[in-house]
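Report on one structure; see the data block that follows.
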Amino acid sequence: MSVRFLTVPGLASSGPQHWQTIWEEQYPDRFERVQQVNWDWPVKEEWVAQLQKQISELTEPTILVAHSLGCITVAHWAQEFSSELIKGALLVAPADAELSKRLNFVVGFTPIPVRTIPFKTIVVASTNDIYATIGRSKVFAANWGSDFINVGKKGHINAVSGLEDWVDGKKILEHFDGVKLLEGEATRS
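Here the numbering used here is used: the first residue of the sequence shown is 3, the next is one more, and so on.
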């Protein structure tokens, strides 16, 4: 089974050094990015609607690959919508919008959904993430019915973390059925 991926970035999107962007460049035939109208002023209804729009256009089994506020977007989407083509979600460094000092920047994302997400999910968290404590990340995973992986001190698991193409993340992604990224490793153009 060929699986595709839909990346769901967080606030400000993911820049050129972010692992989401690097994976998109390495596998342009398998990865596509959710495109938000306003990356710098996220509004839940707009972000969820755009995610739903792109999911509704899918034609193949797909795994969501979310980061930060993108994880919270996926959790909200899963409360309102569903798709037989969504086979799972990798939820990396979910941002704790409820405790954010930037609450005015994350309109409508709170409260964070607490219901189980009805497909396989893996929450990946760091012990020194400034946007969510490891304890809160474990709570998100428990609430959503997600597997939980603690990757140690990796900050917000973003470009600043210096992960580059984040091979360990690719290995985690292979926990989903039908996913093989490391065989025949692509090169970054």
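Glycine included, each C-beta is placed from N, C-alpha and C at the ideal position.
Bear in mind the structure is a predicted one, so any value in this text is a computation, not a measurement.
Setting aside the 5 residues that flank it on each side, V39 is surrounded in the same chain by E48 and Q52, each with a C-beta closer than 8 Å to its C-beta; the list follows chain order. Considering only L8, P44, W21 and V10, the residue with the shortest C-alpha distance to K156 is W21.
Every alpha helix (DSSP H) of 4 residues or more that sits fully in the region 45-122 is shown, in chain order, as 46-58 and 71-82.
By the beta-carbon neighbour count (other beta carbons within 10 angstroms, threshold 16), K55 is exposed. Between I132 and N152, the C-beta gap is not smaller than 8 Å, which leaves the two residues out of contact. Between the alpha carbons of D179 and K89 lies a gap of roughly 8 Å. Under the 10 Å beta carbon count, W43 is surrounded by fewer than 16 other beta carbons and is classified as exposed. Taking the CA atoms as reference points, V169 sits about 19 Å from P96. In the structure shown, the three-state DSSP call for I124 is strand.
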